[in-house]
Amino acid sequence: MPSGSTWLNRDKPRPFALATQAAERSLATLVYGSTRETEKHRGAGWVQVRPLREGLNRNGLLKPTYFYPGTLLPVLHERLPPHTGFLGKSLGELRVALRAALGIGCGSCLNERVPATTHRGRIVALSAALAADVSASFAVILTEPGYSAQRKYQIILPIVTAFARTASRHDLLVSACGWFRVFSSPVDGVLLPIPIIQSIWHDDDIVRETEHVLDDETLREIDRRLCDYFSLAPVDAEGGDGR
Amino acid sequence: LPGEEESMRSPTRRLRMPAVQAIGLRRQVRPKPSPDLRVFREMSKLSREATRAYIDGLIGTA
Numbered sequence: 017m018p019s020g021s022t023w024l025n026r027d028k029p030r031p032f033a034l035a036t037q038a039a040e041r042s043l044a045t046l047v048y049g050s051t052r053e054t055e056k057h058r059g060a061g062w063v064q065v066r067p068l069r070e071g072l073n074r075n076g077l078l079k080p081t082y083f084y085p086g087t088l089l090p091v092l093h094e095r096l097p098p099h100t101g102f103l104g105k106s107l108g109e110l111r112v113a114l115r116a117a118l119g120i121g122c123g124s125c126l127n128e129r130v131p132a133t134t135h136r137g138r139i140v141a142l143s144a145a146l147a148a149d150v151s152a153s154f155a156v157i158l159t160e161p162g163y164s165a166q167r168k169y170q171i172i173l174p175i176v177t178a179f180a181r182t183a184s185r186h187d188l189l190v191s192a193c194g195w196f197r198v199f200s201s202p203v204d205g206v207l208l209p210i211p212i213i214q215s216i217w218h219d220d221d222i223v224r225e226t227e228h229v230l231d232d233e234t235l236r237e238i239d240r241r242l243c244d245y246f247s248l249a250p251v252d253a254e255g256g257d258g259r
Numbered sequence: 742l743p744g745e746e747e748s749m750r751s752p753t754r755r756l757r758m759p760a761v762q763a764i765g766l767r768r769q770v771r772p773k774p775s776p777d778l779r780v781f782r783e784m785s786k787l788s789r790e791a792t793r794a795y796i797d798g799l800i801g802t803a
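First to last, the sequence lines map onto chains A and B.
Counting along the first sequence from 1, when you hit position 92 you're at 108 in our numbering, and nothing is skipped either side.
Counting along the second sequence from 1, when you hit position 1 you're at 742 in our numbering, and nothing is skipped either side.
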């Protein structure tokens with residue numbers, strides 16, 4: 017299933033667009049779509065796509081739709097409903113907006129160029145329910161700085177401490193960093209599995225914002241892997257923003 | 742003043758305090774979630790399921 021495929025949510029005008037290639041036995045990451053402008057007004061990145069019912073680029077949309085790449089949902093391939101079309105020419109716009117929503121090249125909230133109210137790179141403690149579901153007590157916020165300060169939908173990457181192996185080339189293994197002090201007991205290494213990047217609602221699932229922030233080197237490596245995973249324009253060799 | 746003290750001790754005055762506190766509690770009730778947030782919460786269940794499946798692969802139980 018190619019990226020840019022679109023789905024309607026149970027025939028309601030709230031569709032989703034696929035942001036990754038999807039194959040059997042793999043995860044597919046969906047971008048949330050809505051006819052509402054609520055998150056646009058809150059400063060979230062967006063792409064508006066108009067219905068196109070004919071031709072190769074028919075998208076199956078019923079109404080003009082905002083896709084919000086700051087709201088990401090990984091799902092199992094076999095859970096995808098029958099798709100209704102493709103984004104066509106809008107796929108390029110979606111990728112640019114996704115790159116911005118992920119804050120690629122923005123560094124962390126400790127960057128002196130961003131306001132102190134931002135959260136990118138900060139490690140947060142997850143609610144007990146979410147922690148049990150994702151087998152991780154902590155996650156790192158990856159939302160771009162501006163929208164992260166709104167404390168609405170946050171893009172997170174769970175920090176996995178209990179693992180036996182890596183599942184794919186998208187799993188980033190990290191060892192011996194200062195921010196490991198966030199854990200109550202010593203940890204030799206953690207895994208940051210890019211395919212389980214997802215959005216949560218800040219007030220639902222974040223119980224505490226810790227004092228710990230990912231180091232710049234790890235964040236740059238996450239950025240590189242995000243670009244690879246979502247087929248985005250790569251970060252340049254110096255670690256800056258390659259747009 | 743004696744009259745005011747009596748007023749403070751009156752049953753009516755004592756009954757007012759819980760009412761004021763109740764109003765305060767009502768103001769703390771979370772606003773109704775938007776339709777988008779309701780759909781998102783529903784879809785999040787699929788994300789949790791997908792995440793669990795992926796983590797099981799990392800742990801070696803899948």
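For each residue, glycine too, the CB sits at the ideal point set by N, CA and C.
- Query: So, helix, strand or coil for Ser191(A), using DSSP?
  - Reply: Ser191(A) falls in the strand class under three-state DSSP.
- What three-state label does DSSP hand Val112(A) in the structure shown? In the structure shown, Val112(A) sits in a helix (DSSP, three-state: H, G or I).
- Item | Same chain only: Cβ atoms within 8 Å of Arg41(A), ignoring 5 sequence neighbours per side | Correct list, in chain order: His93.
- Task: Give me the Cα-Cα distance between Asp797(B) and Val150(A), rounded to the nearest whole angstrom.
- Result: So the two alpha carbons sit approximately 10 Å from each other.
- Query: DSSP state of Gly255(A), grouped into three classes?
  - Reply: Residue placement at Gly255(A) is flagged as unreliable, the pLDDT there being 47, under the threshold of 50; a coordinate-derived value is accordingly withheld.
- Any chance you could list the beta strand (DSSP E) runs of at least 3 consecutive residues sitting entirely within the stretch 125-206 of chain A, in chain order? As far as the stretch 125-206 of chain A is concerned, its whole beta strand (DSSP E) runs of at least 3 residues are 138-142, 154-157, 169-175 and 187-191.
- Go ahead and pull the three-state DSSP assignment for Ser775(B). Three-state result, Ser775(B): coil.
- Under 7 Å between C-beta atoms of Tyr84(A) and Tyr48(A): In this structure, Tyr84(A) sits near Tyr48(A), with a CB-CB distance shorter than 7 Å.
- Along chain A, in chain order, which residues have C-beta atoms closer than 9 Å to that of Arg793(B)? Result: Asp149, Val150 and Ser151.
- Query: Which of the three DSSP states, helix, strand or coil, is assigned to Thr87(A)?
  - Reply: DSSP places Thr87(A) in strand when its eight states are reduced to three.
- Message: Buried or exposed, going by whether 16 or more other CB atoms sit within 10 Å of the CB of His135(A)?
- Response: Flag for His135(A) reads buried.
- Query: Could one say the Cβ of Phe154(A) lies closer than 7 Å to chain B's Cβ atoms, at least one of them?
  - Reply: The beta carbon of Phe154(A) sits no closer than 7 Å to any beta carbon of chain B.
- Query: Touching or not, the stretch 100-118 of chain A and the stretch 64-72 of chain A, by the rule of three or more beta carbon pairs under 8 Å?
  - Reply: The stretch 64-72 of chain A and the stretch 100-118 of chain A touch, with three or more beta-carbon pairs separated by less than 8 Å.
- State the DSSP-derived secondary structure class of Pro250(A), mapped to helix, strand or coil. In the three-state reduction of the DSSP assignment, Pro250(A) falls in the coil class, being assigned neither a helical nor a strand state.
- Query: With a CB to CB cut of under 7 Å and the five nearest residues on each side skipped, what residues in its chain are close to Glu237(A)?
  - Reply: For Glu237(A), where only same-chain residues beyond five positions count, the Cβ hits under 7 Å are Leu188.
- Please decide whether Leu799(B) counts as near chain A, where near means a Cβ-Cβ distance under 7 Å. So yes, Leu799(B) belongs to the interface.
- Check whether Arg52(A) and Leu248(A) have beta carbons under 7 Å apart: Not in contact: Arg52(A) and Leu248(A) (Cβ atoms no closer than 7 Å).
- Message: Check for me: the alpha helix (DSSP H) holding Thr36(A) runs from which residue to which?
- Response: Segment: none, Thr36(A) is in no alpha helix (DSSP H) and carries neither H nor E.
- Message: Which residues in chain A have a C-beta closer than 8 Å to the C-beta of Arg779(B)? List them in chain order.
- Response: What Arg779(B) touches in chain A: nothing, since even the nearest Cβ is about 10 Å away.
- Buried or exposed: which applies to Gln214(A), given that a residue is buried once 16 or more other Cβ atoms fall within 10 Å of its Cβ? Buried is the label assigned to Gln214(A), since at least 16 other Cβ atoms lie within 10 Å of its Cβ.
- Query: Three or more C-beta pairs closer than 8 Å, one from the stretch 207-226 of chain A and one from the stretch 140-150 of chain A: is that the case here?
  - Reply: Between the stretch 207-226 of chain A and the stretch 140-150 of chain A there are three or more inter-stretch CB-CB distances shorter than 8 Å, so the stretches are counted as touching.
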